[in-house]
Amino acid sequence: MKYQAAIFDMDGTILNTIEDLTNALNYAMKETGHRHNYTNEDTKNFFGSGVEVALTRALAYEAGARLDSLVAVGTKDEVIPKSVTKEEVERISGD
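Numbering (my numbering), first residue to last: -3 to 91.
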């Protein structure tokens, strides 16, 4: 079967964004007066179902914290492309 398109989940598949997500999470939490020393491992446990769910999981450590008070402003400085070979892309695309 010949495919006409391939769709990739960029976050975590093609791009390593965990450092950027952790930085953005810690920044948002700090700016709103919440715990802001989460690790990459913590962040991996929070993310996967969207940013609102991730922030809700992070705020679960603090009673009464408000999700709507968070505004995450991050940078793309820590987004690192994963090494993907032409052969891997061809294998996935069916060529």
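Ideal Cβ positions, reconstructed from N, Cα and C, are used throughout, including at glycine.
Computed from a predicted model, the values in this text were never measured in an experiment.
Per DSSP, Asp38 is one residue of the alpha helix (DSSP H) stretching across Asn36 to Phe42. Inter-residue distance for Asp38 and Thr81 is about 30 Å (C-alpha atoms, whole angstroms). With a cutoff of 8 Å on beta-carbon distance, Leu17 and Phe43 are scored as near each other. A check of alpha carbon separations from Leu21 across Phe4, Met6, Val49 and Val85 identifies Val49 as the nearest. Ala56 has its alpha-carbon roughly 13 Å from the corresponding atom of His32. Scanning its chain for C-beta atoms nearer than 7 Å, with the 5 sequence neighbours on each side dropped, one finds around Ile14 the residues Asn36, Thr39 and Lys40, in chain order. Bounds of any alpha helix (DSSP H) do not take in Tyr(-1), whose DSSP letter is neither H nor E.
Sixteen is the threshold: when 16 or more other Cβ atoms of the shown chains lie within 10 Å of the Cβ of Ala24, as they do, the residue is buried.
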